[in-house]
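For reference, the structure is listed below as structure tokens.
Numbering (the working numbering), first residue to last: 295 to 427.
Below you can see the structure in the form of structure tokens.
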């Protein structure tokens, strides 16, 4: 058998030389293998970064849609409130107008009833002003 050491080398030095040569070959193979794994991991990391970026973009997009929907809801509530408020004011005006018309149609037989009728009209006008304020 061929030895890796010469006759003047000790067995310990020869063993160290053998191990160094062995691990050098193993390390070279491992380095190439590790480089391949590192590159594969780099690709995975890149795809994960891409996925995170896409999710972030989607979150911003959904947030924008939610904000648009919120703005439309507020606009609809405002329009409905304004419309309802306008209708309520018209109905109130009509009620007080009908009240005044009914009081105007009352026939007074004497001065006492006429004074009572005028006081009711004044009360109706005060009620209308009170309601408007």
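C-beta atoms are modelled at their ideal positions from N, C-alpha and C, and glycine is treated no differently. Since we're looking at a predicted model, the values are computed, not measured.
Taking the alpha-carbon positions, what's the residue i to residue j distance?
{"i": "residue 422", "j": "residue 368", "result": "32 Å"}
{"i": "residue 365", "j": "residue 372", "result": "11 Å"}
{"i": "residue 355", "j": "residue 370", "result": "23 Å"}
{"i": "residue 311", "j": "residue 324", "result": "20 Å"}
{"i": "residue 410", "j": "residue 378", "result": "36 Å"}
{"i": "residue 295", "j": "residue 308", "result": "Model confidence at residue 295 stands at a pLDDT of 44, short of 50, so the residue's coordinates are unreliable; what they give is reported in the following sentence. Going by the C-alpha atoms only, they are around 15 Å apart."}
{"i": "residue 348", "j": "residue 335", "result": "20 Å"}
{"i": "residue 425", "j": "residue 388", "result": "13 Å"}
{"i": "residue 327", "j": "residue 359", "result": "48 Å"}
{"i": "residue 393", "j": "residue 375", "result": "27 Å"}
{"i": "residue 427", "j": "residue 402", "result": "32 Å"}
{"i": "residue 353", "j": "residue 385", "result": "47 Å"}
{"i": "residue 332", "j": "residue 306", "result": "37 Å"}
{"i": "residue 419", "j": "residue 383", "result": "15 Å"}
{"i": "residue 405", "j": "residue 381", "result": "39 Å"}
Quick check on DSSP: helix, strand or coil for residue i?
{"i": "residue 427", "result": "coil"}
{"i": "residue 414", "result": "helix"}
{"i": "residue 408", "result": "helix"}
{"i": "residue 400", "result": "coil"}
Quick check: the segment 410 to 421 against the segment 388 to 397, are at least 3 beta-carbon pairs closer than 8 Å?
Taking 8 Å as the limit for Cβ pairs, the verdict is that the segment 410 to 421 does touch the segment 388 to 397.
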